[in-house]
Amino acid sequence: MSTTTAILNQDVFFIKHISTINPRAKVPLQGTEWTETLNDKGIRVKSDEMNFEQGVFPESKQGIRFPYSISNGYQFDETIIQTDKTIPLRTALNELVESCGFTYIKGKHMGEVIKETNPRTMEDPFFSHPDLVLNLEEFGYAYDMSREPKYKMLYAMAKRDPRFLVLEEHEQYPGIDEIDPRVEFLISRSSVKDGMELQMGDKMMEVMSRLEKASRQDLLIIAMLWGIAVDNKVSERTLKSQMAFRITQKGKIPDQNMTYLESFEQLIAMKGDKLNIKYLIKVAIQKNIIRQSTVGFTFNNNPMGLNLDQVELFLNKPDNALIKGALELACNDTPAED
Numbered sequence: 001m002s003t004t005t006a007i008l009n010q011d012v013f014f015i016k017h018i019s020t021i022n023p024r025a026k027v028p029l030q031g032t033e034w035t036e037t038l039n040d041k042g043i044r045v046k047s048d049e050m051n052f053e054q055g056v057f058p059e060s061k062q063g064i065r066f067p068y069s070i071s072n073g074y075q076f077d078e079t080i081i082q083t084d085k086t087i088p089l090r091t092a093l094n095e096l097v098e099s100c101g102f103t104y105i106k107g108k109h110m111g112e113v114i115k116e117t118n119p120r121t122m123e124d125p126f127f128s129h130p131d132l133v134l135n136l137e138e139f140g141y142a143y144d145m146s147r148e149p150k151y152k153m154l155y156a157m158a159k160r161d162p163r164f165l166v167l168e169e170h171e172q173y174p175g176i177d178e179i180d181p182r183v184e185f186l187i188s189r190s191s192v193k194d195g196m197e198l199q200m201g202d203k204m205m206e207v208m209s210r211l212e213k214a215s216r217q218d219l220l221i222i223a224m225l226w227g228i229a230v231d232n233k234v235s236e237r238t239l240k241s242q243m244a245f246r247i248t249q250k251g252k253i254p255d256q257n258m259t260y261l262e263s264f265e266q267l268i269a270m271k272g273d274k275l276n277i278k279y280l281i282k283v284a285i286q287k288n289i290i291r292q293s294t295v296g297f298t299f300n301n302n303p304m305g306l307n308l309d310q311v312e313l314f315l316n317k318p319d320n321a322l323i324k325g326a327l328e329l330a331c332n333d334t335p336a337e338d
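Residue numbers (the numbering used here): 1 to 338.
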């Protein structure tokens with residue numbers, strides 16, 4: 001299953017820790033946060049600090065093992081395991097167990113993959129396996145059940161554990177005074193938005209790597225297409241810093257229905273002639289060399305298309321190379337309009 005599919009199916013869950021100030025009152029840990037912006041000289045400017053409340057794990061990592069009950073065995077939410085009611089619970093459970101890939105750590109089957117389990121057996125090789133631990137990390141972590149089957153089992157066990165409050169819809173979030181005193185951790189599976197942000201984090205790393213490798217000339221063109229006023233003498237480092245700042249922001253480019261990140265991905269993939277043609281069209285329109293009317297965009301009375309996409313296609317065609325050359329000359333010879 002792809003990451004996108006997993007997120008849309010809500011196969012990602014998140015955990016936040018609630019600090020116990022006193023046994024009857026659970027309150028999130030408190031702190032401060034701030035934002036940083038770039039001024040027109042490419043220098044980072046820090047805002048005033050603001051208060052925030054965010055549940056975190058105060059001592060970095062900790063692991064949780066789920067308890068065994070003499071009377072009930074290992075407890076788990078059967079609906080998480082048996083998603084298809086036409087398949088018997090034991091069959092679904094054993095399929096999940098085998099997909100986890102745990103191996104016997106002792107006995108005659110040592111080293112072989114565990115393919116079946118019995119939750120009623122206290123020393124069951126699967127449920128007592130040292131890898132069946134929910135590792136918690138400071139500032140939270142996203143647990144993708146589609147990538148790591150053991151997280152599906154751990155999620156099902158957490159749903160039956162009084163230390164965990166599982167929230168499957170945003171509307172379920174209770175007030176602090178409504179949380180059972182036994183609850184230490186909040187699990188949210190409702191955050192499709194958070195899951196998308198997690199995926200966006202992976203994409204952001206890739207985009208920043210491409211930004212770092214991009215040529216100065218390509219970046220100057222992209223900056224201009226974004227409407228960023230940059231001097232041709234601007235240093236490559238300042239240019240990259242200004243663009244990185246905009247890419248990491250979640251706002252959209254003025255007058256365009258896409259974010260800076262989406263636009264950068266699209267433009268940096270073009271490179272060469274296609275990117276130069278986008279730049280040429282932008283300059284020509286600003287200098288009123290390419291004109292727009294009710295019949296579309298024209299240059300020297302030559303129709304070029306009804307919209308900018310058609311203008312790009314027109315100028316990319318080898319048959320229109322002479323018109324493209326004339327347009328470049330006209331742009332070079334014409335000063336920008338005030």
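Heads up, the beta-carbon is just placed ideally off N, CA and C, and yes, glycines get one too. Predicted, not measured: the structure shown is a model, and the values here were computed from it.
Inset, instruction - Measuring alpha carbon to alpha carbon, tell me which of S128, M145, N94, R246 ends up nearest Y68. - result: One-based indexing of the sequence shown puts residue 68 at position 68. Minimum Cα distance to Y68 is reached at S128.
Inset, instruction - State yes or no: is the C-beta of N320 within less than 7 Å of the C-beta of F314? - result: Sequence index remark: in the sequence shown, residue 320 carries index 320 (1-based). Sequence index remark: in the sequence shown, residue 314 carries index 314 (1-based). The answer is yes: Cβ separation under 7 Å.
Inset, instruction - Indicate whether D144 and V12 have their beta-carbon atoms separated by less than 7 Å. - result: Within the sequence shown, residue 144 is the residue found at index 144, counting from 1. Within the sequence shown, residue 12 is the residue found at index 12, counting from 1. A contact, by the Cβ cut-off of 7 Å.
Inset, instruction - Compare the Cα-Cα distances from K282 to each of S99, H17, I228, G63 and report the closest residue. - result: Residue 282 sits at position 282 when you count from the first residue of the sequence shown. Among S99, H17, I228, G63, the Cα nearest to that of K282 is on I228.
Inset, instruction - For the region 285-302 and the region 250-264, state whether three or more C-beta atom pairs, one from each stretch, are separated by less than 8 Å. - result: no
Inset, instruction - Pull up the distance between the alpha-carbon of T346 and that of P130, whole angstroms please. - result: Missing from the structure shown is residue 346; the chain here goes from 1 to 338 and no further.
Legend entry - Reduced DSSP category for I21 - H, G, I as helix; E, B as strand; rest coil: What you label residue 21 is simply residue 21 of the sequence shown in a count that begins at 1. In this prediction, I21 has a pLDDT of 38, which is less than 50 and means its spatial position is unreliable; nothing more can be read from the coordinates.
Inset, instruction - Can you give me the Cβ contacts of R291 inside the same chain, cut-off strictly under 8 Å, excluding the 5 residues immediately before and after it? - result: Position 291 of the sequence shown holds residue 291. Sequence-distant Cβ neighbours of R291 in its own chain, meaning closer than 8 Å and more than five residues away, are F297, T298, F299.
Inset, instruction - Please confirm whether I64 and L134 have their CB atoms less than 7 Å apart. - result: Here residue 64 refers to the residue found at position 64 when the sequence shown is read from its first residue. Here residue 134 refers to the residue found at position 134 when the sequence shown is read from its first residue. Result yes, Cβ atoms of I64 and L134 sit closer than 7 Å.
Legend entry - Contacts around S188, its chain only, beta-carbon distance under 6 Å, and the 5 residues preceding and following it disregarded: Numbered from 1 along the sequence shown, position 188 holds the residue referred to as residue 188. Same-chain partners within the cutoff: F14, L167.
Inset, instruction - With a threshold of 16 other CB atoms inside 10 Å of the CB of I80, please say whether the residue is buried or exposed. - result: Here residue 80 refers to the residue found at position 80 of the sequence shown. It counts as buried.
Legend entry - Coarse secondary structure for T4, derived from DSSP in three states: As a working mapping, residue 4 is identified with position 4 in the sequence shown. The predicted position of T4 is uncertain, since its pLDDT is 35 and thus under 50; no value can be drawn from it.
Legend entry - Residue span of the beta strand (DSSP E) that contains N135, given as start and end: As a first step, residue 135 must be located in the sequence shown, where it is residue number 135. Taken as a continuous stretch (DSSP letters only), the beta strand (DSSP E) holding N135 covers 134-136.
Legend entry - Chain-order list of residues whose beta-carbon lies under 6 Å from that of A92 (same chain, five-residue window excluded): For the purposes of this step, residue 92 is taken as the residue at position 92 of the sequence shown. Around A92: I81, Q82.
Legend entry - Inter-residue spacing [alpha-carbon to alpha-carbon] between Y151 and L275: On the sequence shown, residue 151 is found 151 positions in, with the first residue counted as 1. On the sequence shown, residue 275 is found 275 positions in, with the first residue counted as 1. Approximately 45 Å between the Cα atoms of the pair.
Inset, instruction - For L198, I'd like the list of residues in its chain whose CB is within less than 6 Å of its CB, leaving aside the five on either flank, ordered along the chain. - result: Mapped onto the sequence shown, residue 198 falls at position 198. Interpretation of L198 is limited by its pLDDT of 49, a score under 50 that renders its predicted location unreliable; the figure taken from the coordinates is listed afterwards. Closer than 6 Å at the Cβ level, and outside the excluded window around L198, lie A142.
Legend entry - Proximal residues to E98 (C-beta, below 8 Å), its chain only, five neighbours per side dropped: Here the question's residue 98 lines up with position 98 in the sequence shown. Within the same chain, E98 has close Cβ partners V113, I114, K115, E116.
Inset, instruction - Please work out which residues of its chain come closer than 7 Å, Cβ to Cβ, to M1, disregarding the five sequence neighbours upstream and downstream, and give them in chain order. - result: By one-based count along the sequence shown, residue 1 stands at place 1. Residue confidence for M1 is low, a pLDDT of 34 falling below 50, so the modelled location carries little weight; the figure read from the coordinates is stated next. Here the set comprises S146.
Legend entry - Assigned secondary structure, T91 (DSSP; H/G/I helix, E/B strand, else coil): Numbered from 1 along the sequence shown, position 91 holds the residue referred to as residue 91. The answer is helix: DSSP assigns T91 an H, G or I state.
Legend entry - I247 and R210 closer than 7 Å at C-beta: By 1-based counting over the sequence shown, the position of residue 247 is 247. By 1-based counting over the sequence shown, the position of residue 210 is 210. No; because the gap between Cβ atoms is not below 7 Å, this pair is not in contact.
Inset, instruction - Closer than 8 Å by C-beta to N232: which residues in its own chain qualify, once you throw out the five before and the five after it? Chain order, please. - result: As a working mapping, residue 232 is identified with position 232 in the sequence shown. So the list reads L220, once near-sequence residues are dropped.
Legend entry - Cβ-based neighbour list, Q256, same chain, cut-off 8 Å, excluding 5 preceding and 5 following: As a position in the sequence shown, residue 256 is number 256, starting the count at 1. Only S263 meet the Cβ criterion.
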